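Undergrad: For the sequence shown, this note's numbering assigns the number 219 to the initial residue and increments by one for each residue that follows. Idealized CB from N, CA, C, for every residue including glycine. Small disclaimer: the values here were computed from a predicted structure and weren't measured. Got a structure for you, written out below as structure tokens; questions coming shortly.
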Amino acid sequence: MVTVKLLGGAKKSFSTEQIELDVENLTIDELLSNLLKSKPNNTPDLDTKNILIAVNGVDSSALEGRATKISKDDIVSIIPVIHGGSSRIKLKIGRSQVELIHIKSKHGLDESFLDTLRKKYSKLIIQAISSKFILNSNHAKKIIMLSLDSKKNNSLLSNKIETDILMRFACTNQISDAISKAGINSDPFTVISIGSKPMQDKLYKELEPFLSKSKINAESFLKKEFKISKKHLDAVDSQTPLEDILLEKAAVLFG
219 MVTVKLLGGA KKSFSTEQIE LDVENLTIDE LLSNLLKSKP NNTPDLDTKN
269 ILIAVNGVDS SALEGRATKI SKDDIVSIIP VIHGGSSRIK LKIGRSQVEL
319 IHIKSKHGLD ESFLDTLRKK YSKLIIQAIS SKFILNSNHA KKIIMLSLDS
369 KKNNSLLSNK IETDILMRFA CTNQISDAIS KAGINSDPFT VISIGSKPMQ
419 DKLYKELEPF LSKSKINAES FLKKEFKISK KHLDAVDSQT PLEDILLEKA
469 AVLFG
């Protein structure tokens with residue numbers, strides 16, 4: 219028997235906080251398919267593309283992702299990630315506290331603004347990414363995880379992890395291309411910070427006048443930008459094919 223704990227909006231989708239499933243040796247993808255079959259018709263849909271999943275308290279992205287095998291007596295927690303309409307998103311990657319702060323365009327904010335923030339909040343890792351290059355919070359989390367792992371393994375694409383993060387979102391090993399494509403420009407952008415919560419709270423307070431709650435639909439842009447066709451998507455055996463393709467493109471980069 220597998221116990222599925224439903225948190226946040228997931229509880230509304232199933233009108234309960236916990237479901238027991240008589241299954242084992244399924245992947246997370248297969249478990250989700252089974253779970254959705256039991257969802258009442260008159261409840262909100264569960265967006266399986268934008269959820270975080272933990273197995274026995276361990277984030278699935280630190281295991282085998284959606285291919286993680288579920289065993290008998292495992293406890294699976296499902297936490298929806300709200301990114302549209304939210305200007306501040308908190309993520310946990312290993313021991314690292316990560317925040318995404320969505321900023322409006324046309325505020326005259328540029329690279330010098332970013333440099334000022336880095337000097338003022340020197341204990342934080344800070345980068346800004348064009349919001350068009352962020353598919354969703356789960357995509358962002360996995361890209362940042364790649365950069366953190368690369369730093370740990372001394373295999374960054376550049377001397378700085380901030381630059382590595384930008385290059386992986388842009389899926390290029392050319393720094394100039396990454397800056398021109400996915401850096402701060404006239405479009406809305408997202409400030410990524412990694413560090414302690416008190417410092418992140420101070421950063422958020424400073425950025426509060428510039429916050430954006432507009433939902434950016436990056437899917438169409440990303441497909442066009444990276445020439446990802448329906449044929450490519452159909453060839454990926456996953457519930458999140460676009461996310462997986464983008465992650466693969468970012469993972470195979472070498473400095």
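Determine the extent of the alpha helix (DSSP H) in which T336 is found, giving its start and end residues.
TA: For the record, residue 336 in the displayed sequence is Arg; it is not Thr. Here the alpha helix (DSSP H) through R336 covers 329–338.
Undergrad: Below 7 Å CB to CB, which residues in the same chain sit around H301 once its five sequence neighbours on both sides are set aside?
TA: Because H301 sits at a pLDDT of 47, beneath the cut-off of 50, its placement in the model cannot be relied upon, and the point is left open.
Undergrad: Give the DSSP-derived three-state secondary structure of T245 in the structure shown.
TA: strand
Undergrad: So the beta strand (DSSP E) N272 belongs to, where does it begin and stop?
TA: The sequence given here has Ala at residue 272, not Asn. Where A272 is concerned, the enclosing beta strand (DSSP E) stretches over 269–273.
Undergrad: With a cut-off of 8 Å on the beta carbons, I'd call E248 and H357 a contact; round off their distance for me.
TA: Not quite, the Cβ-Cβ distance comes to about 22 Å (not below 8 Å), so this is no contact.
Undergrad: Starting from the Cα of S340, find the closest Cα among L254, L327, I412 and give me that residue.
TA: I412
Undergrad: Just mark R284 as buried or exposed, buried being the case when its beta carbon has 16 or more other beta carbons within 10 Å.
TA: buried
Undergrad: From the DSSP secondary-structure annotation, give me the bridge partner or partners of Q315.
TA: K310
Undergrad: I need the DSSP call for A228, collapsed to helix, strand or coil.
TA: helix
Undergrad: Give a yes or no on whether the minimum CB-CB distance between L254 and chain D is below 8 Å.
TA: Reference to chain D is not applicable here, since this structure consists of a single protein chain.
Undergrad: Can you grab the Cα-Cα spacing for the pair N371 / E426, in whole Å?
TA: 35 Å
Undergrad: Three or more beta-carbon pairs under 8 Å between the segment 396–415 and the segment 344–354, yes or no?
TA: Note that the segment 396–415 touches the segment 344–354; at least 3 beta-carbon pairs, one per stretch, sit closer than 8 Å.
Undergrad: Please state whether DSSP places F472 in a helix, a strand or coil.
TA: coil
Undergrad: Can you tell which of M219, F232, Q315 has the C-alpha that lies nearest to the C-alpha of P262?
TA: F232
Undergrad: Taking the alpha helix (DSSP H) that T381 belongs to, which residues open and close that run?
TA: 379–388
Undergrad: May I ask which residues mark the beginning and end of the beta strand (DSSP E) holding L429?
TA: Neither: L429 is in no beta strand (DSSP E) and is coded neither H nor E.
Undergrad: When the Cα atoms are used, what is the spatial distance from K287 to D455?
TA: 15 Å
Undergrad: Drop a sphere of 10 angstroms on the beta-carbon of S254, count the other beta-carbons inside from all chains shown, and report buried for 16 or more, exposed for fewer.
TA: Strictly speaking, residue 254 in this sequence is Leu, with Ser absent from that position. By the 10 Å Cβ count, L254 comes out exposed.
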